[in-house]
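Chain order of the listed sequences is H and G. According to our numbering, the first sequence is numbered sequentially starting from 29. According to our numbering, the second sequence is numbered sequentially starting from 4. Glycine is no exception: its CB is placed at the ideal position from the N, C-alpha and C atoms.
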Amino acid sequence: MADLGRICLPLALLICVYGIGASIYGVRSGRIEFSDSGRRAVYALAIVLSVAFAVLEIAFLRNDFAFNTVADTSSRTTPTFYRAAAVWSSQEGSLLLWAWLLSLWSSLALFLVRRRMRDIAAYATAILLGFGAFFISLMIFYASPFSTTNPAPAEGVGLDPLLRFPTMMIHPPMLYSGYTLCTIPLAFGMGALLARRVDADWIKAIRRFAFAAWLFLGIGILLGARWSYAELGWGGYWGWDAVENASLMPWLTGTAFLHSLMIQEKRGMLKVWNVSLVLATGTLAIMGTFLVRSGILNSIHAFGGATLGVPFVALIGVLIAGSIYLVVLRREMLRSQHRLDSLLSREAIFLGNNIVLVALCFVIFWGTYFPLISEAFTGTEASVGPPWFDRYTVPLALLLVLLSGIGPVIAWRRATFANARRNFAAPLLSALVTLIVLLAAGVAHKTLAIAMFCCAAFVLGSIGQEFFRGTRARRAMAGEPLPLALVALVRRNRRRYGGYVVHLGIAVLFVGVAASSSFQHAVEQRLSVGSSTHVGKYTVRYVRPTATITPKNDAVHTGSTLNVGAVLDVSKGGRHVATLRPSEGFYDSGEPAQGTVGHLIGGQAVSHISMSAGVTRDVWTAIAPDISTPALQRIITIGNRTLPADQGVVALAVLAREYLKNPPAAQFHFIVSPLVMWIWIGGLIVLGGGLIAIWPTPSAVRRRVTMRSRARAAHGLARA
Amino acid sequence: MNPSRKRTVRLVVALSAAVLLASALIYTSFSAASPALSPTQLVRQAQPGRSYQVTGTVVHGSVRHAGNELDFSVADRAGGTAIPVDYTGTVPDPFREGREVIVTVQKHGGHYVGERDSLITKCPSKYKTAPAGEKQNY
């Protein structure tokens, strides 16, 4: 099997080299058959890499520990569901995933434009295959997923327990889909510059892919935040970590592009800006991959050999230099056809939104790469913490949410006073009512949170008004009932109303962020059985301990050998609210040196948090039980000394019984976060809006069908 | 004011604002940053009241819970100088003796107080079988 995988990689590289040559020769010489052949090389690449990926996935599912990457990141005790996801937990597997997704998305993009923009598409093909060649070369020369050891080890190390969480199955493919999709607009942007065709055609062709990249990156970021909140045992969802920031930066520039491209489509303006944003987004996506895989910055995510640093730096250098060269070279063609008429216009608001998004990206870029910057200037590596990020990002986020409410209702070209009064009365009233209610509720001291709630109310008012007016007009024209009119309104203009839903989702998400960060109560407390503590208005009592071995029957079995936890009673004002069961899972280390019993619990220990989630608040708990007491340690020592290798679990049963009989005090982490669920609800609204916007409109489908039948008719006539 | 002059004024104002904001950003990043030091460097350079990010390995046998406080020592990766840290806040799951950690500390007399929730250990986007003594290299 490994041989098949090993053959696939050089074959894939050969296909890339051929495809690059054929595409460039085809477009330079005007021989379309070569450009077409280059495009087909991308399809062939997708097939070959699909085979390679299938080989690796099968090796994981069959526990083929002859593959080094399988032995390093999987084991027989890893549940099947997580074995399948372990493919992309290693460096080699994630590089293969990157290249494979790139080939699939590139095939789709090039297939959709196969009869249009042949010159731009040919250059784009060469650039996309160039990325493919880069990643395949990394696998051939630096980190092969198909390297093997003979004889194969009997057992693997196992997937890291922290990654044994359902969203981890889809988080990396989503993020990598986002990253790879970001390279498609970059390839077409560079292609348009090379082919000297910088009108709005190429933008229309890649619009959907830019949107898909934005959507996938967004889903990936949100899933990562959810994993952090529900699995990592610290109760937070965002920590301004370098790897988190790396995924957020292309998402921000991508968001800016999705707005400014409308100005180029409608008014022929901002061409330099748009092409620069596309190139920056693609480069930031590659930098994101580089950051995760190079180990160049201290991150809670990625450490280890920095073997891939040099090739990535070279690629990023080429991308930045190439982008600047092309934009400068074609600057005459990129001149705007119109000027900004007024600062009170939709164009100006979009431009403002772009500036805020790019400023956010710059702040995050500076903070993320500050350790390298400070080392270069001062000789000492220094880093900035979350308070520094918050100081700049919070006001910018406030401004962004406000602009997302103004943009949809302000007029194109020039807004008049009458127009402003008509469009802004309802949103302003909505913000004002929110402000009065909040002040009456006595939360005046949390200024930034109040400002965010008011901005969100403004957005809600503005989007609500747009839907109301659109539906009313539709009902007046077609006489449809309200639900039908609403559906018809959205169906007729999916991009516009999908975008509005996205704005609404972002506002809801920020309400969740502002409330949960400003009004959170967190307590770290050591408790014995029967004792209790207060968290905000809640009382939490440690009712009894829990300890189970071989928890394969658990609903959320992750392969741990011992689970030690607690049953907690949560009450408010004497009334029972919830029963929580946090625990910590102990995993097999696979190290015989730790002893017959010791190795069974000597691996990673992972918190299994427990929470009572609600639309108004989450009560979140994690436990760090103490199994280092002399009585428990004595059981492990005696077990190590007396039990045969396959009977260690007997001592674990004794240990669990002893823990239940004489439970030592345990360390607990309690958090009460208001409205945190609205972050996930907001995310789902954004996803829904994104899907509405990305779906082809009926008119576009009709246009495509008409064009196809026209082409067929023309072909038939020509033959006749 | 003619349109072209108006545009120039706008551009100058916008650029000046951008330069001012960027300068503030750069200035605060240098003044608010915590230098990343090893325990040996920290012992030599630390000044009371200033934050430092210390990277090192948790010394075997040094971890103790005292109420809600977690006390441990951090040594250079290659061993040698170790500094005592009194820490409160969230302790990440992978934290244990022998692991590499990063924690932001301030010097208080002869010991170092960790900033709340600043303790991070290495997490597993990428890991491999490690050299003897340590199962995984986070």
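Item, Value
"Contacts that Thr31/G makes with chain H (C-beta to C-beta distance below 8 Å)", "Trp416 and Arg419"
"Anticipated Cβ contact below 8 Å, Gly296/H with Ala241/H, distance rounded", "So it is not a contact: roughly 24 Å between Cβ atoms."
"Per DSSP, cross-strand counterpart(s) of His562/H", "Thr567/H"
"Cβ pair count under 8 Å reaching 3, the segment 209 to 226 of chain H against the segment 179 to 186 of chain H", "no"
"Interface positions of the segment 215 to 229 of chain H facing chain G (Cβ-Cβ less than 7 Å), listed along the chain", "none"
"Beta strand (DSSP E) runs wholly inside the segment 498 to 570 of chain H, at least 3 long, in chain order", "549 to 555 and 560 to 563"
"Member of Thr106/H, Ala425/H, Phe318/H and Ala40/H whose CA lies at the smallest distance from the CA of Gly751/H", "Past the boundaries of the shown model lies residue 751/H; chain H is included only from 29 to 748, so the question cannot be answered."
"Nearest-angstrom beta carbon gap, Gly710/H and Gly587/H [assumed within contact, 8 Å]", "That pair is no contact at about 33 Å."
"Neighbour-count burial assignment, Ile212/H, 16 or more Cβ in a 10 Å radius", "buried"
"Contact under 8 Å by Cβ, Tyr615/H with Pro200/H", "no"
"Host beta strand (DSSP E) of Arg662/H (start-end)", "Taken as a continuous stretch (DSSP letters only), Arg662/H belongs to no beta strand (DSSP E), being part of the alpha helix (DSSP H) at Pro658 to Thr670."
"Where Gly117/G falls: helix, strand or coil (DSSP)", "strand"
"Distance, Val320/H Cα to Arg111/H Cα", "22 Å"
"Beta carbon of Ser490/H nearer than 8 Å to that of Val437/H", "yes"
"Identified DSSP bridge partners for Ile86/G", "Val77/G"
"Spatial distance of Ile168/H from Ala81/G (CA atoms)", "33 Å"
"Leu608/H - partner residues in DSSP beta bridges", "Leu596/H"
"Assigned secondary structure, Val22/G (DSSP; H/G/I helix, E/B strand, else coil)", "helix"
"Three-state class that DSSP yields for Gly33/H in the structure shown", "helix"
"Buried versus exposed call for Val563/H [16 or more other C-beta atoms within 10 Å across all chains shown]", "buried"
"DSSP-derived helix/strand/coil call for Tyr46/H", "helix"
"Element boundaries [alpha helix (DSSP H), containing Thr97/H]", "Asn96 to Thr101"
"Glu103/G, DSSP secondary structure in three states", "strand"
"Which of helix, strand or coil DSSP assigns to Arg645/H", "strand"
"Within 8 Å, strictly: CB atoms of Val598/H and Leu590/H", "no"
"Pairwise C-alpha distance: Arg235/H and Ala751/H", "Nothing about residue 751/H can be read from this structure; chain H reaches only from 29 to 748."
"Bounding residues of the beta strand (DSSP E) (the contiguous stretch that carries Leu40/G)", "Ser37 to Leu40"
"Residues in the segment 96 to 108 of chain G having any Cβ partner in chain H nearer than 8 Å", "Asp96, Pro97, Arg99, Glu103, Ile105 and Thr107"
"Cβ pair Pro702/H, Thr644/H closer than 8 Å", "yes"
"Interface partners of Leu18/G on chain H, CB under 7 Å", "Those do not exist, as Leu18/G stays about 12 Å from chain H at its closest Cβ, beyond 7 Å."
"Sheet register partners of Phe614/H (DSSP bridge)", "Leu590/H and Ala633/H"
"Exposure label - Ile164/H; buried when at least 16 CB within 10 Å", "buried"
"Ser374/H - containing alpha helix (DSSP H), residue span", "Note that residue 374/H is Arg in the sequence shown here, rather than Ser. Residues Arg374 to Thr396."
"Backbone CA spacing between Ser57/H and Ile29/G [nearest angstrom]", "50 Å"
"Distance cut-off 7 Å: Leu427/H Cβ against heavy atoms of the ligand GTP", "You won't find the ligand GTP in this model; it holds no ligand whatsoever."
"Cβ-based burial, Thr58/G [other Cβ within 10 Å; buried from 16]", "buried"
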